[in-house]
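First to last, the protein sequences are chains A and B. So the first sequence is numbered by the numbering used here: it starts at 1 and just counts up by one. So the second sequence is numbered by the numbering used here: it starts at 239 and just counts up by one. Heads up, the thing below is written out as structure tokens.
Number of protein chains: 2
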Amino acid sequence: MIKNLAYTKPAPIFALDLGVSVREKPKIRTSIIQMAKRIKVETDLSTEEKIKEAARKVFMQKGYSATRTRDIAEEAGINLALLNYYFRSKEKLFELVMIEKMQKFFSVMAFILFDTENSLTVKVEKIVANYVDMLLENPDIPIFILSEIRSNPAKFLSIAPIADLFHNSHFVVQLREKRPDINPLHFIFNIMGMTVFPFIGGPIFKAMGALTDDSFAQLMEERKKLVPLWVESILESK
Amino acid sequence: MIKNLAYTKPAPIFALDLGVSVREKPKIRTSIIQMAKRIKVETDLSTEEKIKEAARKVFMQKGYSATRTRDIAEEAGINLALLNYYFRSKEKLFELVMIEKMQKFFSVMAFILFDTENSLTVKVEKIVANYVDMLLENPDIPIFILSEIRSNPAKFLSIAPIADLFHNSHFVVQLREKRPDINPLHFIFNIMGMTVFPFIGGPIFKAMGALTDDSFAQLMEERKKLVPLWVESILESK
DNA sequence: ATTTTTTTTAATCATTTGATTAAAAAAAAT
DNA sequence: ATTTTTTTTAATCAAATGATTAAAAAAAAT
């Protein structure tokens, strides 16, 4: 077996003769490479994975600030100290979840943005279908990501110089070609708005009783066909 | 002048002979009517209003959980105790702000929903223009409302039996008349998505550098004209 | 002018909460 | 079998945080 993977044994308190007690910070023993090894080798990830899974659930539902590490521990059915043993801190654990979700959300768009194969029409079909499928599985990803970014924009949006990448992407070029008279961002907003917004506003309609989980899912399935048609008619309009 | 408006003087601690000390809860002395009177009479609302204004700012920016009452006090330039003196608790103060913002957001839609005068076309124009105008003034209302509702759905969505009101609204009836083949919710999602989503996703595009505050505002001004046209072409499509 | 009421403050409390520690239990290595 | 390492726990810490208290200052009423 591999040596202690996350930390050294907790450092003991030692009392200074001034009567002040100082706490040594635990130091990580493992390098990233060793960490990777561990993940491959280890047969039983269940505790670590249980915590992660609980963290996903609780963080997604309540957001970073409203989540207490004790909530996560309870949800995972483990002792609170274990959470810090495996993940060092609430923030580290959160970052793991956040990065996972951001990746899930933005990769759908990124994949299309830089695809140079397909026609505009096909791309729109793919964006919508992929988002709807992904969001039906993870309906609260948009609110989660957006609200965490809002309360800490600096932290998660160090994606500074992506602007050119965006403007020069094949997809945006195609949009500009098709409708040079209209800022491509308008169409991006339209596609994303029609596709993602229902998942953001949906809970309200459900609470009103205007919608059930089932009828919502069905509606979104319909939208996989309808939204591309509507986008088409927008692109052709006038 | 009117008597102490918010609370009695704080009740003193009294020690039981068991060694346990109990704290009396402060009791509100003022009725709602007196409270209303006060608001009319009082010449200087500045402290109360300063706190409220600070609360609006901080709550909107960081959300309920990430906001510390000390943040609000500092922002308002007042002592922390004053906040509790005027508003009794963080939660009470928050509810005030939340209700204000929900009202602002939903009244735009409600106003259109039950308007029996105008044509579908005019209504769509009004929804879009009213939302864009309101949201340019208060860009973070949507994320604020949605994320607070997410973390506490029960509290803010006791709007239980609004479903019928919605389905029978003049606007929804008009939509069903125009396109009996398509669930009116699809069009609601489209209009709201195209109008509100940019304010939700905007911060990301700004962070990417694909958009400045000015160019965003300009884009949204354009959308006041464009979105109704696109909605029209969606309603006519196929 | 004096008393009463309202507003404001500094100090402090009690609870919550993220984190740590020391020791026990379990697993692995020898 | 014994030792070492890893995992888990119960207890506790320290800082943060919402709230309260008692008293001072200011304003209003008398």
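Cβ coordinates follow ideal geometry from the N, Cα and C atoms, glycine included. Values in this document were obtained by computation on a predicted structure and should not be read as measured data.
| Check | Outcome |
| --- | --- |
| Can you tell which of M446/B, A445/B, I426/B and K444/B has the C-alpha that lies nearest to the C-alpha of F199/A? | I426/B |
| Residues in its own chain within less than 6 Å of P380/B by CB, not counting five upstream and five downstream? | V434, F437 and I438 |
| Could you give the DSSP three-state label for K27/A: helix, strand or coil? | At K27/A the pLDDT is 33, less than 50, meaning the model places this residue with poor confidence; the figure from the coordinates comes in the next sentence. Coil at K27/A, not helix or strand. |
| So, with DSSP's three-state summary, where would you put D181/A? | coil |
| How would you list, in chain order, the residues of chain A whose beta-carbon sits under 9 Å from the beta-carbon of K330/B? | Here the premise fails: no neighbours, minimum Cβ distance about 18 Å. |
| With burial defined as no fewer than 16 other Cβ atoms inside 10 Å of the residue's Cβ, what is the status of V122/A: buried or exposed? | exposed |
| Which residues in chain A have a C-beta closer than 8 Å to the C-beta of R318/B? List them in chain order. | First, the amino acid is wrong: residue 318/B is Leu here, not Arg. Under the 8 Å cutoff, chain A gives no residues; its nearest Cβ is about 19 Å from L318/B. |
| Using only alpha-carbon positions, find the residue among K393/B, F332/B and V410/B that is nearest to A220/B. | Because chain B is modelled from 239 through 476, residue 220/B falls outside the range shown and cannot be assessed. |
| So, with DSSP's three-state summary, where would you put F171/A? | helix |
| Does V173/A have its Cβ less than 8 Å from a Cβ in chain B? | no |
| Any beta carbon of chain A sitting closer than 8 Å to that of A445/B? | yes |
| Excluding the 5 residues preceding and the 5 following W422/B in the sequence, name in chain order all residues of the same chain whose CB lies nearer than 7 Å to its CB. | In the sequence as presented, Trp is not what sits at residue 422/B; that position holds Pro. Excluding positions up to five away in sequence, the list reads V410, L413 and R414. |
| For Y323/B versus E386/B, is the C-beta distance shorter than 8 Å? | no |
| Which bits of chain B does I112/A rub up against, with CB to CB less than 8 Å? | Those within 8 Å of I112/A in chain B number zero; the least Cβ separation is about 16 Å. |
| For A54/A, name the three-state secondary structure that DSSP assigns. | helix |
| Counting only Cβ pairs nearer than 7 Å, list the residues of chain A close to S475/B. | L229, W230 and S233 |
| Using a Cβ-Cβ cutoff of 8 Å, what residues of the stretch 278-311 of chain B are near chain A? List them in chain order. | Q299, K300, G301, Y302, S303 and A304 |
| Decide if F111/A is buried, meaning its Cβ has at least 16 other Cβ atoms within 10 Å, or exposed. | exposed |
| Using 8 Å as the Cβ pair cut-off and three pairs as the minimum, do the stretch 335-346 of chain B and the stretch 454-461 of chain B touch? | no |
| Does the beta carbon of R417/B sit closer than 8 Å to a beta carbon anywhere in chain A? | no |
| State the Cα-Cα distance for the pair L320/B and E291/B, rounded to the nearest angstrom. | 14 Å |
| Beta carbons nearer than 7 Å to chain B: which residues of the stretch 186-202 of chain A have them? | H186, F189, N190, M192, G193, M194, V196, F197, P198, I200 and G201 |
| Here's the rule: buried if 16 or more other CB atoms are within 10 angstroms of the residue's CB, otherwise exposed. What is T116/A? | exposed |
| Confirm, please, whether the CB-CB distance from L464/B to H167/A is below 8 Å. | no |
| CB R150/A to CB P441/B, shorter than 8 Å? | yes |
| To the nearest angstrom, how far is it from the Cα of A311/B to the Cα of F394/B? | 25 Å |
| For the ligand MG, I want to know if K178/A counts as a neighbour, meaning its beta carbon is within less than 7 Å of at least one of the ligand's heavy atoms. | This structure simply doesn't include the ligand MG, nor any ligand for that matter. |
| Near T69/A, what residues of its chain come up, given a Cβ to Cβ distance below 7 Å and the 5 sequence neighbours on each side ignored? | L80, L83 and K90 |
| Just the Cα atoms here: how many angstroms apart are S475/B and H408/B? | 22 Å |
| Which residue's Cα is closest to the Cα of R294/B: L351/B, N368/B, F382/B and A367/B? | F382/B |
| Under DSSP, the alpha helix (DSSP H) around R223/A begins and ends at which residues? | D213 to E236 |
| Going along chain B, which residues have a C-beta under 7 Å from A163/A? | M446, G447 and A448 |
| For F59/A, which of K92/A, M192/A, D181/A and E232/A has the nearest alpha-carbon? | K92/A |
| N190/A: which of A304/B, L384/B, R461/B and M340/B sits nearest, CA to CA? | R461/B |
| In the DSSP assignment, find the unbroken alpha helix (DSSP H) run with N322/B in it and report its ends. | L318 to F325 |
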